[in-house]
Amino acid sequence: MYKDKLQITSIKEADTFSYKLKEPDEVRRACYYLLNCFDLTDEALTDAPALLMPKRKYEELRDKASSYTLFFLSQCLTAETGDQEYSAKLAKVLKSHTADGELRLCSRHEGVWKLQQASFMEDASGGWLVRVSPEASEDWIIAVPLTRAQLCSIFYNWVLLT
């Protein structure tokens, strides 16, 4: 996004398409399309707590989720986050997600590029946005429960304001 337009360009040399999106509605449709969300309504975020834990521990549990029982995975997450209710919900999605994806977003501020990284996963009961620490020297993730429509709205607002 630069001032009043967003440019989406392919990174493959053989595929040289380019679009300039100038109107906020065009940007919104592109963001929702990229995240496969066709519910263009804005949903308010729920009043659920965010879970904070070490990135290295989260990655270890995520990678071993398929081999752990749901109960054991939930207990491990609770030990890290201190929240039994939402750790159990996160464990359920980690264990049996039906969709997932990763966002790596770059923004430029005062001549410096900053990388932001997040992932999203969902199952029939809902989804989670997992925000990863941007610095290699930092070791944290924050997991927030949200729907795909809420994710699309957040992504759209980030693109629009960046």
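Numbering (our numbering), first residue to last: 1449 to 1610.
Heads up, the beta-carbon is just placed ideally off N, CA and C, and yes, glycines get one too.
Please read all numbers here as calculations on a predicted model, not as lab measurements.
So, at 8 Å on beta carbons, what are the nonlocal neighbours of residue i in its own chain, with the 5 sequence-adjacent residues on each side left out?
{"i": "Met1501", "result": "Leu1525, Glu1528, Thr1529, Trp1588, Ile1589 and Ala1591"}
{"i": "Pro1582", "result": "Lys1562, Leu1563, Gln1564 and Gln1565"}
{"i": "Asp1541", "result": "Just to set this straight, residue 1541 is Val in the shown sequence, not Asp. So the list reads Met1569, Glu1570, Asp1571, Ser1573, Gly1574, Gly1575 and Trp1576, once near-sequence residues are dropped."}
{"i": "Tyr1516", "result": "Leu1509, Cys1524 and Lys1543"}
How many angstroms separate the CA atom of residue i from the CA atom of residue j?
{"i": "Tyr1506", "j": "Lys1468", "result": "38 Å"}
{"i": "Gly1549", "j": "Asn1484", "result": "11 Å"}
{"i": "Ser1514", "j": "Ala1597", "result": "27 Å"}
{"i": "Ser1573", "j": "Ala1498", "result": "17 Å"}
{"i": "Val1475", "j": "Phe1520", "result": "43 Å"}
{"i": "Pro1593", "j": "Val1578", "result": "9 Å"}
{"i": "Gln1564", "j": "Cys1479", "result": "17 Å"}
{"i": "Asp1511", "j": "Leu1609", "result": "34 Å"}
{"i": "Val1560", "j": "Arg1477", "result": "28 Å"}
{"i": "Ser1555", "j": "Val1580", "result": "16 Å"}
{"i": "Thr1595", "j": "Glu1533", "result": "18 Å"}
DSSP on residue i, reduced to helix/strand/coil?
{"i": "Leu1483", "result": "coil"}
{"i": "Asp1571", "result": "strand"}
{"i": "Ala1496", "result": "coil"}
{"i": "Pro1582", "result": "coil"}
{"i": "Asp1548", "result": "strand"}
{"i": "Leu1538", "result": "helix"}
I believe residue i touches residue j by the beta-carbon criterion, under 8 Å. Please report the beta-carbon distance rounded to the nearest angstrom.
{"i": "Leu1518", "j": "Ala1539", "result": "6 Å"}
With which residues is residue i paired in a DSSP beta bridge?
{"i": "Trp1588", "result": "None; Trp1588 has no bridge partner."}
{"i": "Glu1471", "result": "Partner(s): none; Glu1471 has no beta bridge."}
{"i": "His1557", "result": "Val1560"}
{"i": "Leu1518", "result": "In DSSP, Leu1518 forms no bridge with anything."}
{"i": "Leu1594", "result": "Gly1575"}
{"i": "Gln1565", "result": "Arg1552 and Val1580"}
Please work out which residues of its chain come closer than 7 Å, Cβ to Cβ, to residue i, disregarding the five sequence neighbours upstream and downstream, and give them in chain order.
{"i": "Phe1486", "result": "Tyr1480"}
{"i": "Arg1504", "result": "Asp1587"}
{"i": "Ala1536", "result": "Ser1522"}
{"i": "His1545", "result": "Met1569, Glu1570 and Asp1571"}
Please list, in chain order, all residues of the same chain as residue i whose beta carbon is under 6 Å from its beta carbon, the five residues on each side excluded.
{"i": "Ala1496", "result": "Pro1593"}
{"i": "Ala1547", "result": "Glu1570"}
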